[in-house]
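Report on the following structure.
There are 6 protein chains.
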Amino acid sequence: MIGPDRRFSDLSTAEVESALSRDSVMVLPTGAIEPHGPHLPLSTDLTVAEALSAEVVRRSAAEGHDAWLLPALGYTKSDEHARLPGAMWLRASTFFETVVDIGAAIAATPARRLLFVNCHGGNSALLEVLLRELRRRFDLQTFIVSAPPIAGESEHGLGIHAGWAETSMMLHLRPDLVDMSVAESAVPKPVVDSTHVGFGKLIKFGWLSTDFAESGVVGDPTGANAEIGAQLFETRVGEIVAALPEIASFNPGRI
Amino acid sequence: MIGPDRRFSDLSTAEVESALSRDSVMVLPTGAIEPHGPHLPLSTDLTVAEALSAEVVRRSAAEGHDAWLLPALGYTKSDEHARLPGAMWLRASTFFETVVDIGAAIAATPARRLLFVNCHGGNSALLEVLLRELRRRFDLQTFIVSAPPIAGESEHGLGIHAGWAETSMMLHLRPDLVDMSVAESAVPKPVVDSTHVGFGKLIKFGWLSTDFAESGVVGDPTGANAEIGAQLFETRVGEIVAALPEIASFNPGRI
Amino acid sequence: MIGPDRRFSDLSTAEVESALSRDSVMVLPTGAIEPHGPHLPLSTDLTVAEALSAEVVRRSAAEGHDAWLLPALGYTKSDEHARLPGAMWLRASTFFETVVDIGAAIAATPARRLLFVNCHGGNSALLEVLLRELRRRFDLQTFIVSAPPIAGESEHGLGIHAGWAETSMMLHLRPDLVDMSVAESAVPKPVVDSTHVGFGKLIKFGWLSTDFAESGVVGDPTGANAEIGAQLFETRVGEIVAALPEIASFNPGRI
Amino acid sequence: MIGPDRRFSDLSTAEVESALSRDSVMVLPTGAIEPHGPHLPLSTDLTVAEALSAEVVRRSAAEGHDAWLLPALGYTKSDEHARLPGAMWLRASTFFETVVDIGAAIAATPARRLLFVNCHGGNSALLEVLLRELRRRFDLQTFIVSAPPIAGESEHGLGIHAGWAETSMMLHLRPDLVDMSVAESAVPKPVVDSTHVGFGKLIKFGWLSTDFAESGVVGDPTGANAEIGAQLFETRVGEIVAALPEIASFNPGRI
Amino acid sequence: MIGPDRRFSDLSTAEVESALSRDSVMVLPTGAIEPHGPHLPLSTDLTVAEALSAEVVRRSAAEGHDAWLLPALGYTKSDEHARLPGAMWLRASTFFETVVDIGAAIAATPARRLLFVNCHGGNSALLEVLLRELRRRFDLQTFIVSAPPIAGESEHGLGIHAGWAETSMMLHLRPDLVDMSVAESAVPKPVVDSTHVGFGKLIKFGWLSTDFAESGVVGDPTGANAEIGAQLFETRVGEIVAALPEIASFNPGRI
Amino acid sequence: MIGPDRRFSDLSTAEVESALSRDSVMVLPTGAIEPHGPHLPLSTDLTVAEALSAEVVRRSAAEGHDAWLLPALGYTKSDEHARLPGAMWLRASTFFETVVDIGAAIAATPARRLLFVNCHGGNSALLEVLLRELRRRFDLQTFIVSAPPIAGESEHGLGIHAGWAETSMMLHLRPDLVDMSVAESAVPKPVVDSTHVGFGKLIKFGWLSTDFAESGVVGDPTGANAEIGAQLFETRVGEIVAALPEIASFNPGRI
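Okay, structure coming up:
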């Protein structure tokens, strides 16, 4: 049954064939179940990815666009937290093959456009590899929007994980799961101070969350609040909804 | 935060270490996103698996048992529907490696007991293989309860897929997603009539749902109703809740 | 050359093409080389699988049915004995790919029907997965008959491995390889006494043979004798021979 | 039970531990089930490998050497015949992992020496790779003896497959499976005449049996007879038996 | 022998142990062999990566830093050109395992720091995945510098492949391999004009080079010249040489 | 641009299509980066493979033959040196898949003939497996010439690695990388003295270089000199150049 939420998995087989077309945009939320410090739940990225995707689909549909919400991927590539309990991570190869299989399954429906709404940084690079893999193997048009790390002032650009923005977003979406009383700043000074190596600098580096702090946090959640969270969330939804029509018709076009 | 639902993914890392112990029972619902005829949604098995697992954990916790609900697996091994659109299936190897990775991740927490609540028949055999794989590789104690195919009278024992019992359960859990007006019986007479080959007979056989009927249904949903569904669901919950204490302490015991 | 035993591997290539047809039933015995306690040889399951399959093919042929005996698989999935010397076990993935390759090879002959005669419990679940894998990938009709665990009285339903039935069968088939003087009962009382968890109970569990006893035995071989073995063997042969014509013509039939 | 044939699979687990030692030589026959022309059975290589290995073990044991016969591998790497029906071939990766698993299993017994008696040319190169793989991963001492292609006069050095030597050997071992009335010579003249490229020449080349002849034969079986076969077989057995003591004590020795 | 070029592969084993230390920086050039339009050779990325890395190592060594040049990887992940002849591409999994193996091999030397100098955009995402994989599995400190796509004026930000910057660089490094007479602009207007989807825009997308133009070019090489190439090259070398000391001592530092 | 060296990677895509034909011979040098004792560099095999291949292509082209030089493979299968630092080895499966991918890429060009010029013994067996794999999967005509181990007098047939011939060749090609002052003989006497087991004897065996000597040398480099090296090199070049026309036209020919 086509519900107001346009959940793909609410459809029957027959509806898959009648309701979808080549330009339907399948929206796949990708989050994570992984350590997010003492103040946030393991489900943080999954919660945000699902809320964001659901809202985007709902609002796009209200505007007459043909988007569908796929069931989210929660178990993904959280190997940066491999040394902390609670990281429910898939090896790169397992996650890769999972997405390949999902791509093949989508290619067996009428739809040909797939948008990843990714809210876990640890997935971004591999999903970029997969954008092309699915394009090449199944002739899907593939897209990704990743939650950009947005840093608060005290984070010196390093609101990478469980910091100001992410915590604010959770205070907006699921305040019952946040415990600000144990939130602590963990901004790795060497990374802030480095000239060449670092996030967004010339030289990228490989890291595990435990390289920085035992808590797995990289950022400063202490100044987070729900209002900021609501704003960040709303901005993100708005951006993606605005992009949706272009995604639905995008064609790189041959010279 | 430990909520009343005891969702594992609501915990913080620190809580994973403090709240779980060797005899905690991690409950992993395994469903499917796959064709369920014209009258049921793709999400049928996932819906049932999640509802059943959540209720089992909730009620067990209320009785003082230490069970935790893991995020469900929705994309699983639905290769029997590979020739129908909407089957979001993983290859056997992909599903196998996914569960191996989840097993490894559980073994990195204090918990050592894992219960699969499986509501998709297509997963059963591979999950049985995995019970031992996780036992051997990670020294987990592993358990599975599978939704038994329960057949209505008109099904001649063949309420395998999208039939009387499953449809009733969905009428109980998510009536908004069921369209009984298009429900049709599809009981494969040759399988009913065979003497040696068949479900529960001496000789098992390999099948695709499309071997039987274009709809992917194997059973007769026409007589389904919500009351039966509520009974079946309640019975199942009761059985698993009753088994929980034994699962939490089970030790095959050396001679 | 087509011998009285109808061994596939006795054929020449030309004969493969002339003697086989779509409805030929290829019979593949699957056993194991694995610990069977102090009184039985490693080859127990392989011995039984080969003897059973050979007799089934011979007798079916005598009745005019078109069955062929494939070379048996002896190295299979015995991971439940991984911690005992002498278990010549393949990982699940290795065994899976082996059977996939054999399926592909059969699909390159005129034959389209494959019957596994499986006498090793550790293979059952994975072979069930493979029934469908071969059906889907190579359009073979696939079947399996598994040796059911038959328990003697003193086994309380747990004649799982190297117990009364298996030992009796070996006393019938290869008495020279059995040493009853060292046969000892090893029936795991906790499993007998459990209410919910156990073989054939609501909750299945993952186990290694060494979870129960150092000997790897799960059952009570002490009362075994050749006469019982002959009866069990004869019964089994009879059942499969009776099923053969149905296997050769089975068609689940579209509604 | 330790029989006169010293079959490893006749042992019980306990006997594996008591009867084997570091210098036991495990003998693994590797054959093939594959096309051997119109006059020989698919099982040719397997038949020879098993007969040869069994005789070597028997005779070595009679001379007081500690050799054990493992169950033969029949399904192996026959990809050169992939385009002919009846080739029951494993992909290179499947065969590789199979032998790795067997190596791991042997390493779990007291034995540390493994001799492949290989009678299928298509396995030789991959088994050489595996000699080192098992040496490195499991610290086994590994050895191989391969049936050398012996050419009859009319074969111009090309008695590669199903030719004079192999046919003679089968006439000695299993005359009931040979049909000399359909034996035909198939010696590929271009290979005979080439100067640089060819078997045993400077440049080796990749080939499929069907590159040469539809029958899959490469050689001239027409002059084969049982007497020659007996001689070839006896010579081979003698050579390996003579080598056995050196294999059992071989130590490359550090400088 | 330690040459002025500090090529790792010029060392003997003994020198590997004596000359390298934990803070040696191993520099691994990663290029590609793939279509670069009608005017550039397949080797373009490999040529640039090797030249850049060699110069960086040479100059760093001259300044007293401990960098070593590894043999370049030329066959890499060029799947975006999979539909053009001359793309010598590895599947993602093959390239992944290759780099894993190289990481393991480096971990067997005294060195613990690895810098990828990547000049092929198609490798960037997968190498980012590998940065972490090698960090986690082998405890290496891993770094990457990627050639940023620098666009000429006429390219509207799309100097992605075989455009102004890359062509200029080749005119500087290997003018003998460039044929400017056939250089043609291929700037995909739809991508330039899109608001949301595109390189460096909110929504990234999966593409094959043949989605844009038959030539595989994405950019405008027509204004390229050697002087610009020399400047771009020199700038890049300077940046990396300046970063080298930080790479050699970088430690994210625990809070 | 087609240079005098006929390097494939110097071509543009368009040239790949115009310059190559079905009978072009693609020449792929396969070397290694691995321990070669205290007197030779890690790059020895790669150096020789590249020099040899380049000279063969150059001279063949001068004689009017259509050969092309592919970029060499340096990271290959050096697992025999896995226990020495500096061995940059790929697992068998990684090397296998690499060559499969290269084969697929060649099959996407007009060329159909591939010649491996292999100068690392550790690759030989796996490349032989690959000859057939590429023949079967991509219908390429595949060829290999391997550097034969040539032994000096003092080596008793064991000039396997870093010995007289290889050292001489390097003294000819790259004297700057050889340090004869530390060259030491390491001829494993047990292997020389064995009757049945050994290189080129009836029984082949699995070995690691560290089974023989800590240096990884198997041979006696002390008598090596550049003149011998020049002769050996020249002889080898001559042999392959002479074979080239036959390789370019070789057709095993159906009977």
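Chains as they are written, first to last, in this note's numbering: chain V, 1 to 255; chain E, 256 to 510; chain A, 511 to 765; chain R, 766 to 1020; chain D, 1021 to 1275; chain C, 1276 to 1530.
Yeah, the Cβ is synthetic: ideal placement off N, Cα and C, and Gly gets one too.
Determine the burial state of SER946(R): buried for a count of at least 16 other Cβ atoms within 10 Å of its Cβ, exposed for fewer.
For the purposes of this step, residue 946(R) is identified with residue 181 of the fourth sequence, where counting begins at 1. By the 10 Å Cβ count, SER946(R) comes out exposed.
Compare the C-alpha of PRO245(V) against each of SER185(V), SER21(V), ASP66(V) and name the closest.
As a first step, residue 245(V) is located in the first sequence; it is residue number 245 there, counting from the start. The residue with the shortest Cα to Cα distance from PRO245(V) is ASP66(V).
What separation, rounded to the nearest whole angstrom, lies between the Cα atoms of SER209(V) and ASP730(A)?
Position 209 of the first sequence, counted from the start, is the residue given in the question as residue 209(V). Position 220 of the third sequence, counted from the start, is the residue given in the question as residue 730(A). Cα to Cα, the separation comes out at about 53 Å.
Relative to the C-alpha of GLY1258(D), which residue among HIS1216(D), GLU1234(D), VAL1165(D) is closest?
Within the fifth sequence, the letter at position 238 stands for residue 1258(D). Ranking the options by Cα distance to GLY1258(D), first place goes to VAL1165(D).
For SER9(V) versus PRO293(E), is the C-beta distance shorter than 8 Å?
Taking the first sequence and counting its residues from 1, the one referred to as residue 9(V) is at position 9. Taking the second sequence and counting its residues from 1, the one referred to as residue 293(E) is at position 38. In this structure, PRO293(E) does not lie closer than 8 Å to SER9(V) by Cβ.
With DSSP collapsed to three states, give me the class of THR1322(C).
For the purposes of this step, residue 1322(C) is taken as the residue at position 47 of the sixth sequence. In this structure, THR1322(C) counts as helix in the three-state DSSP scheme.
Around the Cβ of GLU318(E), are there at least 16 other Cβ atoms within 10 angstroms (buried) or fewer (exposed)?
For the purposes of this step, residue 318(E) is identified with residue 63 of the second sequence, where counting begins at 1. Exposed.
Sort PHE1163(D), SER1038(D), VAL1077(D) by Cα distance to ILE1267(D) and report the nearest one.
As a first step, residue 1267(D) must be located in the fifth sequence, where it is residue number 247. For the residues PHE1163(D), SER1038(D), VAL1077(D), the minimum Cα distance to ILE1267(D) belongs to PHE1163(D).
What's the gap between the Cα of ALA870(R) and the Cα of PHE626(A)?
Within the fourth sequence, the letter at position 105 stands for residue 870(R). Within the third sequence, the letter at position 116 stands for residue 626(A). For ALA870(R) and PHE626(A), the distance between alpha carbons rounds to 25 Å.
Between LEU838(R) and LEU891(R), which are expected to be in contact by the criterion C-beta below 8 Å, what is the C-beta distance as a whole number of angstroms?
Taking the first residue of the fourth sequence as position 1, residue 838(R) is located at position 73. Taking the first residue of the fourth sequence as position 1, residue 891(R) is located at position 126. That belief does not hold up - the Cβ atoms of LEU838(R) and LEU891(R) are roughly 12 Å apart, past 8 Å.
Looking at C-beta atoms only, is the number of pairs between the region 382 to 397 of chain E and the region 344 to 359 of chain E that lie closer than 8 Å three or more?
yes
Going by DSSP in three states, VAL728(A) sits in which element: helix, strand or coil?
Position 218 of the third sequence holds residue 728(A). If DSSP states are grouped into helix, strand and coil, VAL728(A) belongs with the strands.
According to DSSP, simplified to helix, strand and coil, what is TRP1439(C)?
By one-based count along the sixth sequence, residue 1439(C) stands at place 164. It is helical.
Is the Cβ of GLY1528(C) closer than 8 Å to any Cβ of chain R?
Position 253 of the sixth sequence, counted from the first residue, corresponds to residue 1528(C). The beta carbon of GLY1528(C) falls within 8 Å of a beta carbon belonging to chain R, placing the residue at that interface.
Can you check the region 849 to 906 of chain R for any beta strand (DSSP E) of at least 3 residues that lies completely inside it and give the ranges in chain order?
878 to 883
Residues of chain C with a CB under 8 Å from the CB of LEU1151(D): which are they?
Residue mapping note: residue 1151(D) aligns to position 131 of the fifth sequence, counting from 1. Neighbours of LEU1151(D) in chain C, taken as residues whose beta carbon is under 8 Å from its own, are absent, since the nearest beta carbon is some 19 Å off.
Considering ALA322(E), what are the terminal residues of the beta strand (DSSP E) in which it resides?
As a working mapping, residue 322(E) is identified with position 67 in the second sequence. Segment 322 to 324, the beta strand (DSSP E) holding ALA322(E).
Tell me, to the nearest whole angstrom, how far the beta carbon of SER348(E) is from that of SER603(A); I am working on the premise that it is less than 8 Å.
Taking the second sequence and counting its residues from 1, the one referred to as residue 348(E) is at position 93. Taking the third sequence and counting its residues from 1, the one referred to as residue 603(A) is at position 93. With a Cβ gap of about 7 Å, SER348(E) and SER603(A) count as contacting.
For a quick check, are the C-beta atoms of HIS451(E) and ALA753(A) less than 8 Å apart?
To locate residue 451(E), count along the second sequence from 1; it is residue 196. To locate residue 753(A), count along the third sequence from 1; it is residue 243. Yes, Cβ-Cβ distance for HIS451(E) and ALA753(A) is below 8 Å.
Can you name, in chain order, every residue of its own chain whose Cβ lies under 6 Å from the Cβ of ALA111(V), other than the five neighbours on each side?
Start at 1 with the first residue of the first sequence, and residue 111(V) comes out as number 111. So the list reads LEU20, SER24, MET26, once near-sequence residues are dropped.
Is there a Cβ of chain V sitting closer than 8 Å to that of VAL271(E), yes or no?
Walking along the second sequence from the start, residue 271(E) turns up at place 16. Yes, contact with chain V.
Who are the near neighbours of GLU1430(C) in its chain, counting only those whose CB is closer than 7 Å to its CB and skipping five residues on each side?
Position 155 of the sixth sequence, counted from the start, is the residue given in the question as residue 1430(C). So the qualifying residues of the chain are GLY1438, TRP1439, VAL1462, GLY1494, ASP1495.
Below 8 Å on the Cβ atoms is my contact criterion, and I expect PRO762(A) with ASP448(E) to pass it. Report the Cβ-Cβ distance as a whole number of Å.
Here the question's residue 762(A) lines up with position 252 in the third sequence. Here the question's residue 448(E) lines up with position 193 in the second sequence. So it is not a contact: roughly 11 Å between Cβ atoms.
Would you give the residue range spanned by the alpha helix (DSSP H) that ILE191(V) belongs to?
To locate residue 191(V), count along the first sequence from 1; it is residue 191. The question names Ile, but residue 191(V) is Val in the sequence shown. That run of the alpha helix (DSSP H) goes 189 to 193.
Quick one: grab the DSSP three-state call for LEU1048(D).
Numbered from its first residue, the fifth sequence carries residue 1048(D) at position 28. Strand, per DSSP.
What are the start and end residues of the alpha helix (DSSP H) that includes ALA1013(R)?
Position 248 of the fourth sequence, counting from 1, holds the residue named residue 1013(R). Start and end: 991 to 1014.
Consider the Cβ of SER348(E): report whether some Cβ of chain A lies at a distance smaller than 8 Å.
Walking along the second sequence from the start, residue 348(E) turns up at place 93. At least one chain A Cβ lies under 8 Å of SER348(E).
Are VAL813(R) and VAL1006(R) touching if we call contact CB-CB under 8 Å?
Taking the fourth sequence and counting its residues from 1, one reaches residue 813(R) at position 48. Taking the fourth sequence and counting its residues from 1, one reaches residue 1006(R) at position 241. No, Cβ-Cβ distance for VAL813(R) and VAL1006(R) is not below 8 Å.
What in chain V is Cβ-close to HIS1148(D), meaning under 7 Å?
As a working mapping, residue 1148(D) is identified with position 128 in the fifth sequence. Note that residue 1148(D) is Glu in the sequence shown, not His. Chain V residues near GLU1148(D): ALA125, LYS204.
Under the assumption that TRP89(V) contacts GLU34(V) (Cβ atoms under 8 Å), give the Cβ distance between them as a whole number of angstroms.
In the first sequence, counting from the first residue as 1, residue 89(V) sits at position 89. In the first sequence, counting from the first residue as 1, residue 34(V) sits at position 34. With a Cβ gap of about 7 Å, TRP89(V) and GLU34(V) count as contacting.
Going by alpha carbons, who is nearest to SER1318(C) out of LEU1066(D), VAL1036(D), THR1064(D)?
Mapped onto the sixth sequence, residue 1318(C) falls at position 43. Out of LEU1066(D), VAL1036(D), THR1064(D), VAL1036(D) has the C-alpha closest to the C-alpha of SER1318(C).
When you compare the CB of SER704(A) with every CB in chain E, is at least one pair closer than 8 Å?
The count along the third sequence starts at 1 and reaches residue 704(A) at position 194. SER704(A) counts as touching chain E.
Exposed or buried, what is PRO148(V) when buried is set at 16 or more other beta-carbons lying within 10 Å of its beta-carbon?
Taking the first sequence and counting its residues from 1, one reaches residue 148(V) at position 148. So PRO148(V) counts as exposed.
Need the endpoints of the alpha helix (DSSP H) that GLU1035(D) sits in, please.
Locating residue 1035(D) in the fifth sequence gives position 15, counting from the first residue. It spans 1033 to 1039 - the alpha helix (DSSP H) in which GLU1035(D) sits, taken as one unbroken run.
Looking at the structure shown, is VAL511(E) part of a helix, part of a strand, or coil, going by DSSP?
Within the shown structure, residues of chain E are numbered from 256 to 510, placing residue 511(E) beyond reach of any answer.
Less than 8 Å between the CB atoms is what I'm expecting for LEU1327(C) and GLY1491(C), so what's the real figure, rounded?
Locating residue 1327(C) in the sixth sequence gives position 52, where the first residue counts as 1. Locating residue 1491(C) in the sixth sequence gives position 216, where the first residue counts as 1. Not really, about 22 Å apart at Cβ, beyond 8 Å.
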